[in-house]
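Heads up, the sequence shown is in the numbering used here, so the first residue is 162 and it goes up one at a time.
What follows is one structure encoded as structure tokens, with my remarks underneath.
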Amino acid sequence: MRGQKGMSYWSIVALLFIAFISIQFTLAVGGVYLDDFTMNKIIAERLKAAPTDSNPEALMREFSQQFDMNGIRDVKVSDYLTVTTDGGIEVVKQYEVRKNFIANIDLVIHFKKIFDQKSIQAGN
Numbered sequence: 162m163r164g165q166k167g168m169s170y171w172s173i174v175a176l177l178f179i180a181f182i183s184i185q186f187t188l189a190v191g192g193v194y195l196d197d198f199t200m201n202k203i204i205a206e207r208l209k210a211a212p213t214d215s216n217p218e219a220l221m222r223e224f225s226q227q228f229d230m231n232g233i234r235d236v237k238v239s240d241y242l243t244v245t246t247d248g249g250i251e252v253v254k255q256y257e258v259r260k261n262f263i264a265n266i267d268l269v270i271h272f273k274k275i276f277d278q279k280s281i282q283a284g285n
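Dropping the structure here:
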């Protein structure tokens, strides 16, 4: 008796299911991670160019304008960012995003990063 050659019906179904889940996951969270990467880049660039005695409200306006220009429109800057000027400018970015994955299953993605102006300027 010869052995089976090729994939069985259930192997094909399982492969299609895994491909579907992978594509669905990428579509659900890919944009969120791309937006977060863009936000990190904007914050670092603005802190590198900002004077050390900058006004926190002015920085928040600049961040908001730059986010709008880069297509990150569903972000309210005051909810996501905290700017402090004690001994230098420090920006704390902390937020979470909830995205629908499949049916009633949601993915919750939490982001937190602290940007220190002195460290950013010293790095370059």
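Glycine included, each C-beta is placed from N, C-alpha and C at the ideal position.
All values derive from a computational prediction rather than experimental measurement.
When the beta-carbon positions are compared, LYS260 and LYS273 stay at least 8 Å from each other. Taking a C-beta distance under 8 Å as the contact criterion, ILE281 and LYS209 qualify as a contact pair. Taking the C-beta atoms as reference points, PHE224 is found nearer than 8 Å to ILE204. Beta-bridge partners assigned by DSSP to TYR256: PHE272. Ranked by Cα distance from ILE184, the first of VAL252, PHE262 and LYS237 is PHE262. Between the alpha carbons of ILE275 and ILE266 lies a distance of about 30 Å. Nearest Cα to PRO217 within the set LEU177, PHE181, THR245 and GLN165: THR245. About 6 Å separates the beta carbons of LEU268 and ALA189, which is inside the 8 Å limit, making them a contact pair.
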